[in-house]
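As numbered in my numbering, the sequence shown has no gaps in its residue numbers, which increase by one up to the final residue, 1344.
From the three backbone atoms N, C-alpha and C, an ideal C-beta is built for every residue, glycine too.
Keep in mind that this is a model prediction, so the values were computed, not measured.
So the structure is just underneath, and the comments pick up after that.
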Amino acid sequence: MIQYGINELRVGLKVIQNQEPCVIISNEGVKPGKGLSFNRIRLKNIISGKILDRTLKSGDFLELADVVETQLIYLYRDYNLWYFMHDKNFDQVSIHKNIIGKSDKWMKEQWIYFVTFWNSMPILVTPPEIMHFKVVKTDLSIKSSSSTSTSSGNKLAILSTGAILKVPFFIKSGELIKVNTNTGTYISRMK
């Protein structure tokens, strides 16, 4: 069990808080005029995504989390399980749909995804930030429906994975587009 004191904490370090893995997203050292110095840290729970604020005094420690992020190739889905493969040793890993969560709309076979393991168990699947998808259907009814829709210059599109997002009016069914999977927004056409 490796522990870090307040002087060793840094942004990006993965630690255990409330028996769950968290990543430090901010660390502010405070030296008051009177009394001992302390650190205000902000943690993001890797599993739930919740933000936690914690104050640590001199002499407090946080335990290092056994968290490993690995790149795996997505192979296929079989009902509740999604199958991934290591590209080096060809070992396969099955991940339950609850762990995939909202990333399911960005899942494309043969793409590389970041899978986070904690104590050798998968806890998070993160798609690449930029991916390309085929538009299978666009909603033309938005164009003529209201002035607020037309002023934004967007319409809804359904992608090959089932994801729905706003795209410019010039995008047609069958086109390939680039999408930011973190924000779920259209970036550009594929050339």
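Tell me the DSSP secondary structure of residue i in three-state form.
i	result
Lys1241	coil
Asp1231	strand
Asp1257	helix
Glu1161	helix
Lys1167	strand
Lys1325	coil
Ser1298	Any reading at Ser1298 needs caution, since the residue's pLDDT is 45, under 50, leaving its predicted position unreliable; the model's value is listed next. Ser1298: helix per DSSP, three-state reduction.
Asn1272	coil
Ile1317	strand
Lys1250	helix
Asp1213	coil
Gln1172	coil
Ile1330	strand
Thr1291	strand
My understanding is that residue i touches residue j, with C-beta atoms under 8 Å, so please give their C-beta distance in whole angstroms.
i	j	result
Val1220	Thr1269	6 Å
Trp1235	Ile1248	5 Å
Lys1287	Leu1228	At roughly 20 Å, the Cβ-Cβ gap does not stay under 8 Å, so Lys1287 and Leu1228 are not in contact.
Ile1177	Val1164	6 Å
In the DSSP assignment, the beta strand (DSSP E) including residue i goes from what residue to what residue?
i	result
Asn1307	1307-1312
Leu1189	Careful: Leu1189 lies outside any beta strand (DSSP E) and carries neither H nor E.
Report the option in the options whose CA atom is closest to the CA atom of residue i.
i	options	result
Lys1325	Ser1256, Ile1311, Leu1225, Phe1243	Ile1311
Arg1342	Met1284, Thr1314, Asn1335	Met1284
Val1183	Asn1198, Leu1196, Ile1204, Thr1208	Thr1208
- Message: Between the region 1209-1221 and the region 1170-1181, can you find at least three pairs of beta-carbon atoms closer than 8 Å?
- Response: The region 1170-1181 vs the region 1209-1221: in contact.
- Message: Would you call the region 1178-1190 in contact with the region 1236-1255, where contact means no fewer than 3 C-beta pairs closer than 8 Å?
- Response: Fewer than three pairs of CB atoms, one per stretch, sit closer than 8 Å, so the region 1178-1190 makes no contact with the region 1236-1255.
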